[in-house]
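Encoded as structure tokens, the structure appears first; notes follow it.
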Amino acid sequence: MGPFQKKPMLSQCNRSFMTGIRIVRATLRSFVGFMAIASLVASSGCNRAEPGIVLYADQDPQVVESLVRQIQADVGTPVRVVCAAPEQVAQGIGLAQRVREERKADVYWAGNPIAMQKVMDDGLLLKMKTPLTIPYVPEARDPDFYWVGLDARFRVILYHRRAVPRNRLPDSLASLRDPQWRGKAGMAHPNRSFSARYHLMTLFALASEADARELLSGIRANQVQLLPGEQAVADAVTSGKVAWGITDSDVAERAIRSGAPVDYVVPDQKSGSTARAMGIPPEALPTLGTPLLVTPVGLLKDRPLRGEAENLFRAMVKLSTANAMATRIQPDRLPTHEALLDSPPATSKHRIKDFRRLLLAPLTSRQAREAEMRVTLAVEELLEP
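Taking this note's numbering, the leading residue of the sequence shown gets 16, the next gets one more, and so forth.
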């Protein structure tokens with residue numbers, strides 16, 4: 016399993032008690048996050064008071080406003096926008112709970128697949144298999160077309176070229192436990208960044224529980240710097256605070272374009288790379304691949320302005336909107352529309368222009384949701400001081 020020293024065994028009673036405490040702490044954190052949304056979203060500049068169809072969005076307000084301006088003429092009906100607070104978007108909480116409880120949203124643009132999966136599991140979404148949604152690639156949509164992802168990013172290893180020689184490049188999430196990088200690698204704290212937590216969900220869903228927990232123990236033992244967010248990871252790498260860190264591709268693309276001496280590689284792409292970095296036989300663990308994170312949009316059921324809401328959804332997923340997203344509104348992320356992946360926009364500066372060429376983690380949103388609580392408990396136990 017790897018060269019980690021095992022903790023003394025707790026009695027079954029103590030283990031059950033500690034697990035209960037961790038569940039309570041995790042539940043309280045989610046509740047506090049939800050209450051923060053309730054108080055913060057009311058003051059967001061992304062909200063509009065006029066009547067019309069309602070779009071709930073777990074996105075940057077400027078991005079949402081740009082998209083609405085792009086499509087308003089096609090929609091016709093005024094669009095009332097409600098945005099989650101930025102810190103709640105980063106943590107992956109977003110507005111999913113409000114969508115499920117309030118039933119006021121006509122369209123929901125989630126920040127991650129798990130948020131949309133929770134809404135879908137409540138039976139609140141309409142299936143939208145149409146000529147407009149079919150061109151979205153299978154990797155970036157629900158297989159039954161209950162939602163489609165409007166853009167995508169993937170996980171990368173961002174490294175400082177002066178601190179990491181090409182012949183020593185880390186190549187796996189599990190490289191975080193490599194002793195040669197003790198205290199010199201970083202990642203966002205999983206409780207502060209949904210992307211980092213989603214990466215761990217991939218690990219817990221595809222590896223054994225023992226191997227996944229051992230990697231978390233190794234991250235702590237190797238003094239990996241746990242930072243307050245994905246941008247903080249990029250800042251730490253560009254400043255030389257860490258030699259390398261795991262972050263999102265859009266964050267890495269911006270860091271490269273800033274002129275800093277940094278570059279990135281995609282983790283867990285070579286056969287056996289995950290197992291080698293874990294110190295276990297290659298046959299014991301499949302290569303994880305890199306997680307793909309999309310921002311799903313879905314149409315809600317049983318709303319009074321059904322036709323107008325469908326117009327909004329269709330306007331959001333049409334090719335011209337996807338092109339505007341890729342070239343102007345959200346250019347640091349990759350498109351998910353087949354036409355734009357087959358023929359990338361001329362203005363695209365992405366080092367990797369088509370995520371379909373990568374080894375992607377074979378993780379469904381349902382698998383990720385099932386792994387979520389196990390990750391939360393393991394982080395509480397193994398990464399917290």
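Each residue gets a CB set at the ideal place from its N, CA and C atoms; glycine is no exception.
Note that the structure is a prediction, hence the values are computed from the model and not measured.
Candidates the options: closest to residue i by CA position
i: leucine 397; options: Val114, Ala225, Arg197 and Ile108; result: Ala225
i: leucine 117; options: Glu353, Leu315, Asn338 and Thr391; result: For clarity, residue 117 is glutamate in the given sequence; the question names leucine instead. Cα-wise, what sits closest to glutamate 117 is Leu315.
i: alanine 120; options: Thr379, Met388 and Glu323; result: Glu323
i: leucine 165; options: Glu325, Asn237, Thr310 and Arg389; result: Thr310
i: proline 306; options: Ala167, Glu80 and Gln74; result: Ala167
i: arginine 235; options: Pro205, Gln106, Ala251 and Gly287; result: Pro205
i: arginine 318; options: Arg84, Leu140 and Gln85; result: Leu140
i: glutamine 106; options: Gly260, Val266, Ser208 and Leu300; result: Ser208
i: methionine 388; options: Leu184, Val104, Tyr213 and Trp196; result: Tyr213
i: alanine 211; options: Pro297, Pro243 and Asn182; result: Pro243
i: glutamine 77; options: Ala393, Ile344, Lys364 and Thr362; result: Ile344
i: aspartate 157; options: Arg183, Asn182, Ile129 and Leu241; result: Ile129
i: leucine 221; options: His352, Ala299 and Val163; result: Ala299
i: glycine 67; options: Ser187, Pro101 and Arg321; result: Arg321
Bridge partners - residue i, DSSP secondary structure assignment
i: methionine 202; result: Leu241 and Ile261
i: phenylalanine 370; result: Answer is none; phenylalanine 370 lacks a bridge partner.
i: glycine 313; result: Tyr123
i: threonine 379; result: BP columns for threonine 379 are empty, so no partner.
i: valine 171; result: Thr262
i: leucine 307; result: Phe169
Cut-off 7 Å between Cβ atoms - residues of its own chain near residue i, not counting five sequence neighbours on either side
i: arginine 63; result: Below a pLDDT of 50, predicted positions are generally treated as unreliable, and arginine 63, at 46, falls in that range; the measurement from the model is reported next regardless. Excluding positions up to five away in sequence, the list reads Arg95 and Val96.
i: leucine 43; result: In this prediction, leucine 43 scores a pLDDT of 46, lower than 50, which makes its location untrustworthy; the coordinate-derived value is nonetheless stated afterwards. Result list for leucine 43: empty, nothing under 7 Å.
i: alanine 125; result: Asp73, Gly109, Ala111, Met131, Thr310 and Pro311
i: glycine 260; result: Leu173, Ala200, Gly201, Met202, Val248, Ala251 and Val252
Beta-carbon spacing of residue i, residue j below 9 Å
i: proline 359; j: proline 346; result: no
i: leucine 327; j: threonine 148; result: no
i: valine 280; j: isoleucine 172; result: yes
i: cysteine 98; j: glutamine 132; result: no
i: leucine 378; j: methionine 216; result: yes
i: alanine 339; j: proline 150; result: no
i: aspartate 263; j: phenylalanine 169; result: yes
i: proline 153; j: proline 282; result: no
i: glutamine 240; j: valine 266; result: no
Same chain, Cβ closer than 6 Å to residue i, neighbours up to 5 away in sequence not counted
i: phenylalanine 218; result: Note on identity: in this sequence residue 218 is leucine, with phenylalanine being the wrong assignment. Here the set comprises Ala227.
i: alanine 41; result: Because the pLDDT at alanine 41 is just 49, under 50, the model does not fix this residue reliably, and the value given afterwards should be weighed accordingly. Closer than 6 Å at Cβ, skipping near neighbours: Thr391.
i: methionine 143; result: Phe160 and Leu314
i: isoleucine 38; result: Any answer about isoleucine 38 is weak, because its pLDDT of 47 lies below 50 and its placement is not dependable; what the coordinates show is given next. The answer is none, since no qualifying residue turns up.
8 Å CB neighbourhood of residue i in its chain, flanking five on each side removed
i: glycine 287; result: Pro297 and Thr302
**Asked** Should the segment 200 to 207 be called in touch with the segment 177 to 191, which here means at least 3 C-beta pairs below 8 Å?
**Response** yes
- Would you call the segment 275 to 287 and the segment 172 to 185 in contact, with 3 or more CB pairs under 8 Å? yes
**Message:** Taking 8 Å as the cut-off, does the segment 290 to 301 touch the segment 135 to 155 (at least 3 CB pairs, one atom from each stretch)?
**Reply:** no
Cβ contact (3+ pairs, closer than 8 Å) linking the segment 380 to 394 and the segment 351 to 371 = no
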